[in-house]
Structure formats: C-alpha cells, structure tokens
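Heads up, the thing below is written out as structure tokens.
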C-alpha cells in the first residue's frame with residue numbers, strides 16, 4: 001500500500017457531503033496527501049465541487065490532489081476507497097411520486113418503488129469495483145443502506161461498510177437529560193434505521209431511570225412547548241417515547257421515524273407524535289422545507305465556487321466533522337484503530353436471531369486487520385418480533401422483487417401498506433407508478449426472471 | 001404394549017367428533033377392542049356421548065369399552081392416545097367478542113385474544129401427559145393447531161401430532177375439474193391453515209394447466225352462478241384463484257380464508273371474492289349459520305341418545321370417515337403403515353426456510369417406528385416471504401405474549417390489524433377486551449413475566 005491513497009466519490013455532486021469529506025481528509029495527518037476523484041453524471045455540480053475542494057484544500061495547506069470525471073469506470077481505476085453517495089431518483093422525482101400517490105388517497109407516500117432504482121445502481125457499482133479495483137473498500141452512504149449493503153454483500157465479493165448518522169441520536173438524549181456526553185456509555189444495535197438503545201449508562205450506572213424521570217416530570221411540558229429546530233428533530237418526541245414504552249427500549253435516530261403506521265396516518269396525527277411545526281421529517285410540511293434547505297446550501301456553495309475571493313475556510317469551517325468515513329480509512333490503512341457504528345454482514349451471528357447474510361448495524365473496532373464486530377447487549381424478543389423481523393422480511397421481499405422482476409411482489413407490498421383501502425386502489429396505483437416516465441427503469445428489471453436464484457437465501461434457519 | 005389400547009378424548013362433548021371416532025374405531029380391525037375414556041367439563045354432553053357411543057358400538061358388534069369423567073388427570077391414567085379437541089372460549093363467547101369489536105368499527109373481528117386461552121389449556125394438557133402417561137401420543141385437533149403444537153412441542157417432551165381437514169381441499173379442485181381423485185398425485189406443504197399446492201399431477205402429468213384452463217374458460221361463469229353449498233365452500237372461489245395468481249401456487253383448504261385483508265374488508269368485498277350467499281366462512285352471515293348447524297347436530301344427537309329405540313347406525317352411518325386419527329393409531333400401534341398429512345416440528349429442516357422448532361404441515365409416512373416426514377416439493381420464496389414468514393412471526397408473537405404476559409404485545413397485534421384506524425381505537429378496544437368478563441382468564445397470564453425465558457427461540461439463523 002502506498003501512503004498516497006486514492007479515494008473515489010461516486011455521486012460527488014452531493015456537494016456538502018463531498019466538501020465535508022475533503023475537510024476531514026485535510027485535517028487527518030495520515031490522509032492529507034491523498035488523491036480524490038470526484039465522479040458524478042451532473043457536470044455542473046462536478047465542476048463546482050472540484051473547484052471548491054481544490055481551493056479549500058490549498059487554503060488549508062494540505063497536499064490533497066483532485067481530479068473529476070463523469071465516467072465511473074475511470075473513477076474506480078486504482079481506487080483504495082470508493083464512497084457511494086449517489087441517489088438515483090432524487091428529490092424532485094420523489095415529490096412527483098408522492099403527488100401521484102396522494103391523488104389516490106395516500107398521505108405522504110411514495111409508492112414503495114424506491115429501492116429498485118437504488119439496487120440497480122448499487123449493484124453495478126459493487127460489480128465494477130470487483131472488476132476494476134477489487135482490493136478497494138466500498139463505503140456505502142447512499143440509502144437504503146440496509147437493503148443495498150445486504151444485496152451487494154450477497155452478490156459480490158466487494159468489501160463493504162455501510163454508514164449512517166442515525167446512531168448520534170443518543171447524544172440528543174444525553175443533551176436533553178443534561179448529561180456530559182463524554183461520560184455516556186451506549187450501545188444501539190439493530191438494522192440500519194432500526195436501532196435500539198440496549199445500553200445507556202452514565203458514570204457507570206444505568207441511565208434509563210433518568211429517561212423515565214424526564215418523561216414523567218418534563219415530557220408533557222416539552223412536547224407541548226418544544227418547536228423542532230430541524231425537520232429531523234424528533235429524538236425526544238412523544239412518538240419516540242411512546243415507541244420506548246411500547247417496545248421496552250429507546251429507538252435511536254431514524255428509527256423514531258419508522259414506528260408503526262399509527263404514528264403517521266395524517267398530519268394531525270404526526271404533529272401529535274412528532275411535534276410542531278413539522279410533525280417529523282416525513283410530512284408535506286417538512287420534506288419541501290428540507291429540500292429547500294439543501295438547495296440553499298448548494299446555491300451558497302455555487303456562489304462561493306464562482307467567487308475567487310471567497311474565503312472558503314471561513315465559509316465552511318475547519319473543524320473535523322463527526323463523519324466516520326475518514327477515521328475508518330485511517331484505521332484500515334494506517335492502523336489508527338477506532339470504535340465505530342457500522343453496517344456489515346452479521347458474521348458469526350453476532351446479532352442473535354438474524355441470519356449471517358443480512359447486514360446489521362453494530363458497534364465494531366476497525367484497524368489494519370479489518371472490521372471486528374464487538375460484543376454488545378442483544379435486542380429483546382419483543383423488538384426482534386415487532387420491529388426487526390418484519391423489516392428483515394420486507395428487505396427480502398424488495399430484493400426478491402428486484403431479482404425476479406416479479407410485479408406481483410410490488411402489488412403485494414402496496415396492498416400491505418396500511419393506507420391502502422382496497423385491492424383495486426392498489427392495482428390502479430401500481431399501474432400508474434410503473435408507467436410513470438421517471439420510474440420506467442423498473443421495467444428493466446424484468447429481464448431477471450428465475451426465482452430459483454433467490455432460494456439460497458432462505459436456507460438458514462436450523463436451530464442451534 | 002397390550003392390544004387393548006386406551007384412548008382418552010379431551011373435550012369429548014364435541015359430540016359429532018367423538019362419535020365419528022368411535023365409528024372409525026369400530027370399523028378398524030386392530031382397534032375395535034380399545035377402551036375409550038370421554039372427558040369433558042360439560043356433564044350433560046358427556047353423558048350424551050357416553051350413552052350414544054356405547055349403544056352405537058354395541059349395535060355394530062365391536063368390543064369397545066367406555067367410561068367417562070370430568071377429571072382430566074383421571075382420563076389420562078394409562079392412556080396410549082390422547083385426543084385433544086377442546087376449545088376454551090366456545091362459539092357464544094366468540095360471537096360476543098365480535099359484537100364488542102364491531103362496536104369499535106371492526107367487521108367480523110374477534111379482537112386477537114383467541115390463542116391465549118387455548119395456549120393455557122393445550123399446555124396444561126401436554127404437561128399432564130408428560131406427568132401421567134408420558135408414553136402416550138397426543139393428537140391435537142383443537143385449534144390453533146400451528147400455534148399450539150409449536151408451543152407444546154417446545155415446552156414439553158410429549159409426542160404430538162396435529163391434525164386438520166384442510167388438505168382435503170385438493171379433492172374439491174379435482175372434482176371441479178372432473179378428475180378422478182384416485183389418479184391425482186398432490187403435495188401441499190406449509191403451516192397449518194397455510195398450505196400450498198406445490199404438486200398437482202393427473203395421470204402422471206402436471207395438472208396445473210387444467211386449473212388455468214378452468215379459470216379462463218369457466219371461472220367467471222362459476223363465480224357468477226355458484227352458490228356455496230356450505231359456509232366453507234370456497235376452494236374454487238374467485239378469492240382462491242386470485243391468491244393463486246398473486247402467489248403462484250393454489251392455496252388449499254383453510255388457506256383460502258387467510259388471504260390478505262383486502263379479501264375481507266366488508267361483506268360486499270367478501271361476497272365478491274368468496275361468492276354468495278355467505279361470502280366465505282368468516283362473515284356475519286356464515287358464522288351464525290355454521291354455529292346453528294352445529295347446534296342442530298347436537299340436538300339430533302341428544303334426541304337419539306334419549307330415545308332407546310333410535311337406530312343409531314341408521315342415523316349416523318357405518319362407513320369409515322376420512323379422519324386420519326384412527327388410521328394413525330393403527331399405524332403407530334400395529335405397524336399398519338400409511339401416508340398422512342400431519343403437523344409436527346420441522347425436524348431436519350424438511351420445510352426449507354423454517355426453523356426446526358416450528359411445527360409445519362407436511363406429508364409423512366407413519367408406522368410402528370414413528371413419524372417419517374417425506375420429501376416434497378418446496379415452497380417458492382414468494383410464498384415464504386408473503387405468506388409463511390409473516391404467519392410464523394405472528395405465531396412467535398402470540399407465544400411471546402402468552403409466556404411473558406406482556407400486554408404491549410397484544411396492543412401491537414391489534415394496532416397491526418388492517419381494520420384499525422388509530423392508536424386510540426386500539427387502546428380503548430384492548431382495554432374493553434381485557435376487562436370482558438369472559439376473557440378475564442387472560443389476566444392469569446401476567447404471572448409469566450421473564451422475557452428471557454423466550455430468547456432461546458430466537459437463536460437459530462446461522463446460514464448454512
């Protein structure tokens with residue numbers, strides 16, 4: 001291994017993400033001499049991030065070098081790390097699909113076709129890596145991490161780590177309780193966007209009683225008066241606390257958003273559970289606001305990239321982010337070991353009750369020898385049965401639908417959406433969705449037919 | 001083993017069932033000298049079946065002997081076979097619970113508390129057998145066979161076979177297609193009430209094309225004109241054929257009734273899928289009619305039992321039934337081997353994709369050496385994911401709720417009923433259900449608390 005690593009960022013036009021990575025590379029001793037290749041199909045965004053990164057890095061005095069390409073195979077040549085942040089449909093198409101579904105009586109529902117497009121992209125990136133740079137690590141940050149990483153690790157030999165920010169939700173709990181985060185010991189294993197606080201200790205003692213006390217003495221007042229500071233500010237919402245009481249452990253991060261349909265049936269219900277003014281991140285109020293903010297950030301970055309006099313360090317800061325990507329590279333390539341929360345296959349069945357060929361989100365130590373899943377407190381049966389198994393099966397359905405091209409699977413998923421009122425409603429909506437010009441790529445999947453390909457995934461459960 | 005076997009029937013007041021068994025015993029050479037003990041908590045019914053069985057058997061000239069008791073432990077003394085047909089709640093309480101639920105806006109829904117009472121009874125019978133007559137076979141015919149047999153085989157060492165009539169549905173398909181049933185080769189594995197026709201051959205050739213042809217050329221006419229001859233006459237209904245198209249294999253017997261919520265949302269929908277005049281067996285029209293017929297049968301039996309001049313053989317017939325119970329005894333005790341469709345633990349993972357400690361419905365050869373699950377055509381992933389896994393998880397939830405006494409599990413199940421419209425609706429209904437005088441026994445379950453007891457059930461899935 002040379003000390004100059006090559007890092008390829010797929011979907012680099014996610015400008016804020018890319019610039020944050022560049023910042024972290026600049027601020028990490030072992031990595032400040034790396035080469036970064038930006039890849040995106042959007043040339044304008046690609047140019048923007050290339051110019052910004054170059055100037056920012058020079059201003060900070062790092063030795064990072066850069067190039068850019070719209071050709072994925074080219075970007076992967078000689079890569080040590082591939083960061084996949086790409087999202088196929090994008091916010092505009094997503095909004096269009098939600099509009100379509102709302103005409104059929106669904107509230108804020110996108111029609112359950114999402115993963116298919118992402119599977120297509122993810123799998124082809126992982127296959128390209130296998131072929132072009134087989135020693136590279138793929139860091140998957142584009143969603144769905146759970147589904148996509150499971151599919152890719154089953155179908156390719158590419159080394160993959162999936163990452164997410166959700167687990168930082170424990171910090172919001174600590175902050176709300178007035179605890180020093182440095183003294184908190186926590187564990188939150190599960191599936192991505194479905195993780196549960198199995199351990200929460202403060203100064204060596206179980207801190208769950210502090211949560212209970214907060215709910216009893218301050219909960220109602222907080223839920224009545226708190227106004228979310230961002231669309232995703234829901235960690236201490238009434239909904240999150242209800243999930244805790246219903247399941248027995250506190251849901252962390254995006255898990256809060258994934259509670260049962262009864263938290264999400266309409267905007268009044270959502271505001272009851274997730275508070276004002278957004279009703280949680282998944283409402284007709286929150287989502288456009290969130291997307292608008294992203295657009296503002298891009299506009300700000302575009303302006304800075306076009307103004308040669310702009311002080312980029314002043315604009316974007318120079319403190320290391322809490323992203324795990326660069327520290328993980330530092331651990332893998334330079335043995336600067338660390339503790340992380342990652343998504344990897346459930347090797348040796350570390351998360352009990354889940355097959356080994358399913359990707360789980362777990363604490364791991366990473367060093368030059370690779371990834372070592374740590375021991376952790378297991379999830380109780382109640383959470384496995386009510387929250388983890390249903391999502392595991394749903395993921396298997398998504399993968400089967402993708403691999404078999406069997407549209408009856410899509411119909412079945414739509415029928416089982418709680419908002420669906422009749423068989424005919426689902427049939428008509430599915431037809432419209434599949435003929436929507438922007439999701440026509442789904443048709444492509446029909447070339448995959450043989451269900452048999454999949455059956456190997458169902459061979460596991462012998463009792464130990 | 002003596003040649004005189006002792007057979008104990010628990011819940012013997014299910015009069016028609018008991019008399020059919022007596023008939024089969026009379027007509028089976030090896031078993032016509034057996035001793036039968038009737039046990040029931042209803043003394044009147046018990047007296048009735050005792051008198052009927054005695055006279056019927058004498059009239060047929062068998063050497064069967066009988067006694068009766070309301071004491072279960074006494075009934076089990078020295079038993080070689082225990083037949084458990086008991087049902088705790090009964091039709092009247094069931095109807096009352098449905099009435100209660102309908103006041104909360106549910107159509108023909110019983111509130112999802114059913115299994116808890118049955119678990120209680122089944123488990124105590126299996127424990128009693130373990131203690132009193134540990135060499136006896138328990139033949140479980142009272143529902144829910146799938147849930148109950150899984151619980152009992154996990155918790156006790158009692159030898160258990162669960163039986164059902166549902167698989168005979170293949171005969172209705174054959175009859176509708178005009179096929180000679182003797183020339184049909186079939187397989188329909190799965191879980192009880194969730195079995196699928198994986199093999200259907202006629203004169204050595206795949207007969208599925210005959211089903212397809214019937215649907216295309218005669219389906220619509222049949223669905224328009226056919227009037228169900230009984231509440232359960234739904235094997236060739238539009239609903240059954242739709243399930244076949246949606247899942248790829250034909251559902252057999254009670255499986256037809258278990259399709260997704262979209263077949264069952266109201267009486268108009270049910271009649272669309274399951275035909276006139278009942279809309280399938282689970283409607284406000286069919287169920288009272290079904291129960292009334294049962295009552296008529298009991299009245300007829302009571303009259304016959306009170307009329308010493310009644311010719312019982314003329315009234316009840318003298319041809320062997322198609323019940324599997326007596327032939328299974330003949331196979332186990334006298335090595336008169338046979339082929340059966342039974343419910344037993346999934347030993348050696350014969351039904352692929354399902355843990356070994358779950359009871360499956362499969363074809364088996366039975367002889368003096370015991371039960372030998374046969375090879376059979378496996379279920380495809382689409383059916384596993386959409387029909388089998390969800391029900392497996394639901395069963396695990398029922399067992400966990402029963403063992404832990406955790407009411408939040410009951411709430412969760414109610415919330416996930418498609419007819420539930422809001423969180424509050426489920427909470428208020430659950431509260432009413434739990435305080436319903438006739439289901440108060442549920443409270444008893446709260447003495448079971450430790451969730452840990454259950455965790456061993458979730459330790460299986462290492463990938464092979």
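Residue numbers (this note's numbering), protein chains in the order written: chain A, 1 to 464; chain B, 1 to 464.
The beta-carbon is built from N, C-alpha and C at its ideal position, and this holds for glycine as well.
Residue span of the alpha helix (DSSP H) that contains residue 49(A), given as start and end: As a working note, residue 49(A) is residue 49 in the first chain. Run containing residue 49(A): 43-60, per the alpha helix (DSSP H) assignment.
Closer than 6 Å by C-beta to residue 230(B): which residues in its own chain qualify, once you throw out the five before and the five after it? Chain order, please. Here residue 230(B) corresponds to residue number 230 of the second chain, with the count starting at 1. Here the set comprises nothing.
Inspect the CB distances between the stretch 301-321 of chain A and the stretch 100-120 of chain A and report whether three or more fall short of 8 Å. no
Could you tell me whether the stretch 90-102 of chain A touches the stretch 139-152 of chain A, using the rule of 3 or more Cβ pairs below 8 Å? no
Count the other CB atoms, across all protein chains shown, that sit within 10 Å of the CB of residue 41(A); report buried if there are 16 or more and exposed otherwise. As a working note, residue 41(A) is residue 41 in the first chain. With fewer than 16 other Cβ atoms within 10 Å, it is exposed.
DSSP state of residue 6(B) mapped onto helix, strand, coil: By one-based count along the second chain, residue 6(B) stands at place 6. Note: residue 6(B) maps to strand in three-state DSSP.
Helix, strand or coil for residue 451(B) per DSSP? Here residue 451(B) corresponds to residue number 451 of the second chain, with the count starting at 1. Here residue 451(B) scores only 33 on pLDDT, less than 50, and its place in the model should not be relied on; the value that follows carries that caveat. Three-state DSSP puts residue 451(B) in a helix.
Buried or exposed, going by whether 16 or more other CB atoms sit within 10 Å of the CB of residue 396(B)? Within the second chain, residue 396(B) is the residue found at index 396, counting from 1. Answer is buried; the Cβ neighbour count reaches 16.
Assign residue 178(B) to one of two classes, buried (16 or more other C-beta atoms within 10 Å of its C-beta) or exposed (fewer than that). The residue labelled residue 178(B) in the question sits at position 178 within the second chain. When all chains shown are included, residue 178(B) counts as exposed.
So with Cβ pairs under 8 Å, would you call residue 406(A) a contact of chain B? The residue you call residue 406(A) lines up with position 406 of the first chain. Closer than 8 Å: yes.
Under 8 Å Cβ to Cβ from residue 423(B), same chain only, skipping five residues before and after it: list those, please. Position 423 of the second chain, counted from the start, is the residue given in the question as residue 423(B). 415.
Looking at C-beta atoms only, is the number of pairs between the stretch 9-16 of chain B and the stretch 49-64 of chain B that lie closer than 8 Å three or more? yes
Could I get the ranges of all uninterrupted alpha helix (DSSP H) runs contained in the stretch 118-164 of chain B, with 4 residues as the minimum, in chain order? 145-155
Residues, ordered as in the chain, of the stretch 374-398 of chain A that lie near chain B by beta-carbon distance below 8 Å: 378, 380, 381, 382, 384, 385, 386, 389, 390, 393, 396, 397
Can the beta-carbon of residue 301(B) be found less than 8 Å from the beta-carbon of residue 39(B)? Here residue 301(B) refers to the residue found at position 301 of the second chain. Here residue 39(B) refers to the residue found at position 39 of the second chain. In this structure, residue 39(B) does not lie closer than 8 Å to residue 301(B) by Cβ.
Going along chain A, which residues have a C-beta under 7 Å from residue 412(B)? Taking the first residue of the second chain as position 1, residue 412(B) is located at position 412. Simply 246, 386.
So, using beta-carbon positions, are residue 468(B) and residue 363(B) closer together than 8 Å? Residue 468(B) falls outside the range modelled here, since chain B spans only 1 to 464, and no answer is possible.
Kindly give me the distance between the Cβ atoms of residue 158(A) and residue 139(A), rounded to whole angstroms, as I take these residues to be in contact under 8 Å. Position 158 of the first chain holds residue 158(A). Position 139 of the first chain holds residue 139(A). Their Cβ separation, rounded to whole angstroms, is 11 Å, which puts residue 158(A) and residue 139(A) out of contact at 8 Å.
Compare the C-beta of residue 18(B) against all C-beta atoms of chain A and say whether one is closer than 8 Å. Counted from its first residue, the second chain places residue 18(B) at position 18. No, residue 18(B) does not count as interfacial toward chain A.
Is the beta carbon of residue 388(A) less than 8 Å from the beta carbon of residue 190(A)? On the first chain, residue 388(A) is found 388 positions in, with the first residue counted as 1. On the first chain, residue 190(A) is found 190 positions in, with the first residue counted as 1. Yes, these two residues count as a Cβ contact at 8 Å.
Over the uninterrupted alpha helix (DSSP H) stretch that includes residue 327(A), give me the two end residues. For the purposes of this step, residue 327(A) is taken as residue 327 along the first chain, with counting starting at 1. Segment 325-334, the alpha helix (DSSP H) holding residue 327(A).
Hey, out of 368(B), 25(B), 4(B), 245(B), whose CA is closest to residue 319(B)'s CA? As a position in the second chain, residue 319(B) is number 319, starting the count at 1. It is 25(B).
When you compare the stretch 213-222 of chain B with the stretch 347-356 of chain B, are there three or more beta-carbon pairs, one atom per stretch, that lie closer than 8 Å? no
Identify the contact partners of residue 418(A) in chain B, using a Cβ-Cβ distance below 8 Å as the criterion. Residue 418(A) sits at position 418 when you count from the first residue of the first chain. Neighbours of residue 418(A) on chain B, chain order: 418.
Secondary structure of residue 354(B), DSSP reduced to three states: Here residue 354(B) corresponds to residue number 354 of the second chain, with the count starting at 1. Coil at residue 354(B), not helix or strand.
Option in 361(B), 62(B), 71(B), 327(B) with minimal Cα separation from residue 379(B): Here residue 379(B) refers to the residue found at position 379 when the second chain is read from its first residue. Among 361(B), 62(B), 71(B), 327(B), the Cα nearest to that of residue 379(B) belongs to 361(B).
Closer than 8 Å is the cut-off here; do at least three beta carbon pairs connect the stretch 27-34 of chain B with the stretch 97-112 of chain B? no
Only counting runs of 4 or more residues, tell me where the alpha helix (DSSP H) segments fall wholly within the stretch 350-408 of chain B, in order along the chain. 389-404
Decide if the stretch 259-272 of chain A is in contact with the stretch 196-213 of chain A; the criterion is three or more beta carbon pairs, one per stretch, under 8 Å apart. no
Using DSSP with H/G/I as helix, E/B as strand and the rest coil, what is residue 282(A)? By 1-based counting over the first chain, the position of residue 282(A) is 282. Note: residue 282(A) maps to coil in three-state DSSP.
Per DSSP, what kind of secondary structure is residue 288(B) in: helix, strand or coil? Residue numbering aside, residue 288(B) sits at position 288 when the second chain is read from its first letter. Three-state result, residue 288(B): helix.
Alpha-carbon to alpha-carbon, residue 398(A) and residue 7(A): Taking the first residue of the first chain as 1, we reach residue 7(A) at position 7. Taking the first residue of the first chain as 1, we reach residue 398(A) at position 398. Distance between the alpha carbons of residue 7(A) and residue 398(A): 30 Å.
Closer than 9 Å at the beta carbon, the chain A residues around residue 21(B): For the purposes of this step, residue 21(B) is taken as the residue at position 21 of the second chain. Simply none; closest approach about 34 Å.
Within chain B, the residues that residue 400(A) reaches when beta carbons sit closer than 8 Å: Working through the first chain from its first residue, we reach residue 400(A) at position 400. In chain order: 381, 382, 385.
Name, going along the chain, the residues of the stretch 246-268 of chain B whose beta-carbon falls closer than 9 Å to a beta-carbon of chain A. 246, 247, 248, 260, 261, 262, 263, 265
With distances taken from CA atoms, which of 32(B), 84(B), 4(B) is nearest residue 17(B)? Position 17 of the second chain, counted from the start, is the residue given in the question as residue 17(B). Minimum Cα distance to residue 17(B) is reached at 84(B).
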